[in-house]
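Novice: Letter 73 of the sequence shown, counting from 1, is numbered 555 in this note's numbering, and no numbers are missing. Even glycine gets a Cβ: it sits at the ideal position worked out from N, Cα and C. Values in this document were obtained by computation on a predicted structure and should not be read as measured data. Below you'll find the structure I mean.
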Amino acid sequence: MHRAHTAFSLALSPMAHKNFATWLLKSSSSQQMAKVTAAAAVRTYNSAAAEPFANGSTASYVEEMYNAWLRDPTSVHTSWDAYFRSNSYVSPPNLAPVQANTLPLTSFNFGGAVGGAAPDSKTIDDHLAVQAIIRSYQIRGHNIAHLDPLEINTPELPGNSSTKSIYANFSFGEQDMDRQFKLPSTTFIGGDEASLPLKEILNRLENVYCNKIGVEFMFINSLEQCNWIRKRFETPGVLNFSPEEKRLILARLTRATGFEAFLAKKYSSEKRFGLEGCEIMIPALKEIIDVSTELGVESVIMGMPHRGRLNTLANVCRKPLNQIFTQFAGLEAADDGSGDVKYHLGTYIERLNRVTNKNIRLAVVANPSHLEAVDPVVQGKTRAEQFYRGDQEGKKVMSILIHGDAAFCGQGVVYETMHLSDLPDYTTHGTIHVVANNQIGFTTDPRFSRSSPYCTDVARVVNAPIFHVNADDPEAVMHVCKVAAEWRATFHKDCVIDLVGYRRNGHNEIDEPMFTQPLMYQKIRKHKNCLDLYADKLIAEGTVTGEEVKSVAAKYENICEEAFALAKTETHVKYKDWLDSPWSGFFEGKDPLKVAPTGVKEETLIHIGNRFSSPPPNAAEFVIHKGLLRVLAARKAMVDEKVADWALGEAMAFGSLLKEGIHVRLSGQDVERGTFSHRHHVLHHQLVDKATYNSLQHMYPDQAPYSVSNSSLSEYAVLGFEHGYSMTNPNALVLWEAQFGDFSNTAQSIIDQFISSGQSKWVRQSGLVMLLPHGMEGMGPEHSSCRVERFLQMSSDDPDYFPPESDEFGVRQLHDINWIVANCSTPANYYHILRRQIALPFRKPLILCTPKSLLRHPEAKSPFSEMSEGSEFQRIIPDNGPAGQNPSNVKKVVFCSGRVYYDLTKTRREKQLEGEIAIVRVEQISPFPFDLVKEQANLYKNAELVWAQEEHKNQGSWTYVQPRFLTALNHSRDVSQSDEQSSTNTTTTTDHTNHESDTDSDSKSKPWLSRMFAAPNSGGDPKDPAQNLGGDFNAAKHFDLKNVRHDFNRPAGIAAAPGARIAKTGRKISYVGRACGASTATGSKAQHIRELNALLNDAIST
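Now the structure itself:
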């Protein structure tokens, strides 16, 4: 490619055009000239069939004279010169075989030269110039294409003022316009013609590359792909549409425009983020789907921002209009959850494609306002659906991503997602990207929002062709969409459609754009919409009549009016109508509070362990690294001893699920080996490249597939991808592992907007597991904490509410919370919590703090008995040593979570305090195990209670567990300042109403907001400002949320016990650990050791 680029650069140089032929024919160096002519003889040959007039020595003599004349016409007699110039001589045939990449000299018609006559220098220069002009159009024609409907924005690139700039450097005059030039093989503008006049060549090139379509493709490093694109755009007549096709475009454009007009009329003051100015996007999407369906696609998954979403749902997916209109009514929801604004909602539709007469599944994935965050989620969902369908080439399932221009170039997740496009375990085999280019981002002009000429330049990094098109030319848009769909079906690679339009309103319908873009919006308000422009065009050419145009518009308005009337009869909105990933049959017939057993037969564990610790069977030539042979031997020894470390426990969880037909997918940075070199699921042949063995893929002959995939160095896109993957099938265990736990913070948008709140907003469950290596082990601030406090802060359980105790206490908590946060300390608990993800009758995300040093800690092992039948996940692991056996002798109970347990037990053993200090591990932090904490506190009635953690006080679990410990210890808490004064109270049951004064009762009957901001008083006249401003704050009058709403933030269906309240017991829990800090950990190893020793000494003392 470098040589080709250099050659073309030479051809494009004006100096080269003037001097190349002269240099070729009149070289001053005979030796150099000999080399050139010899090279020419190699690259060309003459195909004359016979010598009609000469043979023998005569032929040799004539040939010698001819070759001499070729080298220098003045070196032969003038008669020979005249003879050879008359084109009557044909050189002898060349019997050498035809070589690759060569053409016979006679196949070129150099300005009328025939036979073996040598072209003159001008002929050579002119043909080179024509080829360079054609290439210039192909490379740079998009720079001067008429892409902007408003004609105010043009790329600020040199020489783009007119099409003449492309061939200005070539010395052609008007006298050359009618000359015939042979067309090279790199263009298709001639159709069936091999040569064209120069004027026609230029006209056709301008029409193809500088009209309403601008094509960027010459950066693609595949000649086949470049020629494919050239043929689709350059072939004469490709933009000719039949009358029926034009009427279909008009009808679809009418619906798209009519929908926005109807909403504007009925809901003029509502934000809906309409598509006005780029309505052609709706027919464009439908054309992509039509062509793709015809080519075999059965399912299309779409992701898009808020702009145009309602129109897409209505006219592309055919979502019932009455359901869309109901979203504007402000009705109460018929189901649980917070819901979301209408222009964030998704849907799932199965319908007949009327154009192709084939069934099609359409899904629009719900998304937040965080632009482009949905991109990797769509890709993950698409990949999963392809996997479960066995669609290994992406022929049945495809994705379409719709972008805004400012977001496409501004949001880094676009780049991250595109770099997944060709990775073997992440590719979706081609995505069509549609950019609704408003030429503005909120209020920011493009010149302030990007440094690149186009908003789509990011796509060049993956060799995706980019088709820019004027959104006011529907037929050009349809052609581009057809080419894009065919490109994806042919090459299974990404491509981009840049719909260059405008935004008729402001950022939303109640925004005023004239504040910041006055000139642009003056022009927009004078500009006809696309429908009117296209209708006028079709009427002028006689394809439709004005009455037909009005009839189509009136018909669709009637449809909208009928749906609007039906929407008025609705009394509730149903979030489930907007579900984008339905799980057919998963919830039916299940007890929502029954968890399947997570223990398995010991024989199964042994079988998995033996397979996991063995090299490839029947492959003695598979050379394994010596270090890994020791790892396998150590695993085999553990299996023989019936104990498991962390890696073996994980493998047993995966293997047992695979045996049960559950697909397992583990993804993330370096997960095949594991960041800490503990997993080694993929063994590599030490002498053969790409030869690998994965034992978990060969456990059982009929097992489910297992996938372990090293990802790109991305958290945002890859976590979003795996979340999308988990949405598709509930009967799969999908895990994402961070290289270090705190690296997950670069994926915070996915965590906050999708994983934490997805079920509440969109009624969409996910069983995704996040594995976050966590632990203060002297590795510095950025490799220590997974920031568990952030996940706990977003947990939705109420710290002040102790749920009713029952046999289903634990599973009911899991059912009602938004996700699960755990910090396991044993391989057995890790094993059980992974299997519990599938055993639950519903799905919840699982946030797991995983260990680093515990991966090889000699005490962090579990016997098979803790993983076999009858065992289960332990939310709390009590102290089973001397302290637990004699609780009355215990002076202190230390609650903790995770790896710090092993440091605490070591210190306790060294201080010989096993009988006086109990250590209790809280394995599942959220939802908080109120019942088990209460049980442990009652067991150690006389002991001091402390919480020990290795994180800083303002980090880790302390701020989450502290109020919940108090609730568990006291069984009930008020949200009031009186809590701080309750430590001396005794345990009594009181009737709260007996202590209320009439004033208290009146106050509590008022709306809570007015009570919250009411001035406190001491029982005097509430209107007396002197009393309101004087005296101390009365805690009894302090705002108490529980007295306003007894079921605040409590699980659905559980009511507060009326009347009775449990007073405070007087027990409290203290904190032991590092003081508050801004950083997660120190970078000094010595400082880390000092802090850890201080923590251990404070915790293990009586």
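In whole angstroms, what is the alpha-carbon distance linking asparagine 1420 and aspartate 1413?
Specialist: 11 Å
Novice: With burial defined as no fewer than 16 other Cβ atoms inside 10 Å of the residue's Cβ, what is the status of serine 677: buried or exposed?
Specialist: exposed
Novice: At the level of alpha carbons, what is the spacing between arginine 1572 and histidine 1339?
Specialist: 22 Å
Novice: Pull up the DSSP beta-bridge partners for serine 1552, would you.
Specialist: Answer by DSSP bridge pairing, in chain order: Val1428.
Novice: Alpha carbon to alpha carbon, what distance is there between glutamate 742 and valine 1415?
Specialist: Valine 1415 and glutamate 742 have their C-alpha atoms spaced approximately 57 Å apart.
Novice: Going by other Cβ atoms of all chains shown within 10 Å of its Cβ, with 16 needed for buried, is glycine 594 buried or exposed?
Specialist: Any reading at glycine 594 must be qualified, since the residue scores a pLDDT of 46, below 50, and its modelled position is unreliable; the value itself is stated next. Around the beta carbon of glycine 594, a 10 Å sphere encloses fewer than 16 other beta carbons of the protein chains shown; the residue is thus reported as exposed.
Novice: Would you list the residues sitting across from lysine 1374 in a DSSP beta bridge?
Specialist: Ile1399, Glu1426
Novice: Compute the distance between the beta-carbons of arginine 737 and tyrosine 1038, then report whether it is under 7 Å.
Specialist: yes
Novice: Since I believe arginine 1446 is in contact with threonine 1286 (beta carbons under 8 Å), could you give me their beta-carbon distance rounded to a whole number of angstroms?
Specialist: The sequence shown places proline at residue 1286, rather than the threonine named in the question. Proline 1286 to arginine 1446, Cβ: 16 Å. No contact.
Novice: How should glycine 673 be labelled, buried or exposed, when 16 other C-beta atoms within 10 angstroms of its C-beta is the threshold for buried?
Specialist: Under a 10 Å Cβ-count criterion, glycine 673 is classified as exposed, with fewer than 16 other Cβ atoms of the shown protein chains found around its own Cβ.
Novice: Nearest to threonine 1174 by CA position, among Pro1099, Ser1335, Arg985, Leu1328, is which residue?
Specialist: Pro1099
Novice: Cα separation between lysine 1388 and glutamate 1259?
Specialist: 16 Å
Novice: Going by the beta-carbon positions, is the gap between methionine 1134 and isoleucine 1090 smaller than 7 Å?
Specialist: yes
Novice: Let's test the definition: count the other Cβ atoms within 10 Å of the Cβ of alanine 611 and tell me whether it reaches 16, buried, or not, exposed.
Specialist: buried
Novice: Just the Cα atoms here: how many angstroms apart are proline 1255 and alanine 1450?
Specialist: 29 Å
Novice: For histidine 1477, I'd like the list of residues in its chain whose CB is within less than 7 Å of its CB, leaving aside the five on either flank, ordered along the chain.
Specialist: With a pLDDT of only 40 at histidine 1477, under the threshold of 50, the placement of this residue in the model should not be trusted; the figure read from the coordinates follows. Excluding positions up to five away in sequence, the list is empty.
Novice: For arginine 833, list the residues DSSP reports as bridge partners.
Specialist: Ile842
Novice: Under 7 Å, do leucine 1020 and lysine 768 count as touching if we go by C-beta distance?
Specialist: Not in contact: leucine 1020 and lysine 768 (Cβ atoms no closer than 7 Å).
Novice: Quick one: what does DSSP say valine 1026 is sitting in, helix, strand or coil?
Specialist: coil
Novice: Tell me the residue span of the alpha helix (DSSP H) that contains tryptophan 1440.
Specialist: 1440–1452 is the extent of the alpha helix (DSSP H) around tryptophan 1440.
Novice: Please specify which runs of the alpha helix (DSSP H), each continuous and at least 4 residues long, are wholly inside the stretch 1294–1380, giving them in chain order.
Specialist: 1309–1321, 1364–1367
Novice: Only counting the same chain, and skipping five residues up and downstream in sequence, which positions put a Cβ closer than 7 Å to that of leucine 1296?
Specialist: Ile1302, Leu1322, Lys1326, Pro1409
Novice: Aspartate 1171: which of Ala1220, His1145, Ile1106, Tyr1198 sits nearest, CA to CA?
Specialist: Ile1106
Novice: Does DSSP put isoleucine 922 in a helix, in a strand, or in coil?
Specialist: coil
Novice: Valine 1125: which of Glu758, Leu629, Lys824, Met1349 sits nearest, CA to CA?
Specialist: Valine 1125 has its Cα closest to that of Met1349, out of Glu758, Leu629, Lys824, Met1349.
Novice: Please state if the CB of valine 917 and the CB of histidine 885 are separated by a distance shorter than 7 Å.
Specialist: yes
Novice: When you compare only the Cα positions, how much space is there between leucine 844 and aspartate 1298?
Specialist: For leucine 844 and aspartate 1298, the gap between their C-alpha atoms comes out near 31 Å.
Novice: If we ignore side chains and look at the alpha-carbon of each, how far apart do alanine 1116 and leucine 1130 end up?
Specialist: Going by the C-alpha atoms only, they are around 10 Å apart.
Novice: Give the range of the alpha helix (DSSP H) segment to which serine 931 is assigned.
Specialist: Counted as a single uninterrupted DSSP element, the alpha helix (DSSP H) harbouring serine 931 occupies residues 928–931.
Novice: In the DSSP assignment, find the unbroken beta strand (DSSP E) run with proline 935 in it and report its ends.
Specialist: Counting along the chain, proline 935 falls outside any beta strand (DSSP E), and DSSP gives it neither H nor E.
Novice: Buried or exposed: alanine 1342, going by 16 or more other Cβ atoms within 10 Å of its Cβ?
Specialist: buried
Novice: In terms of residues, what are the limits of the alpha helix (DSSP H) holding proline 858?
Specialist: Counting along the chain, the alpha helix (DSSP H) containing proline 858 begins and ends at 856–871.
Novice: With 16 as the cutoff for other CB atoms within 10 Å, does threonine 1584 come out buried or exposed?
Specialist: exposed
Novice: So, do the stretch 692–706 and the stretch 937–948 have three or more beta carbon pairs nearer to each other than 8 Å?
Specialist: Under the 8 Å Cβ criterion, the stretch 692–706 counts as touching the stretch 937–948, having at least three qualifying pairs.
Novice: Any idea if asparagine 1579 is buried or exposed, counting beta-carbon neighbours within 10 angstroms, 16 or more meaning buried?
Specialist: exposed
Novice: Look at the alpha carbon of aspartate 1122 and the alpha carbon of glutamate 1084, and state the distance between them as a whole number of angstroms.
Specialist: 12 Å
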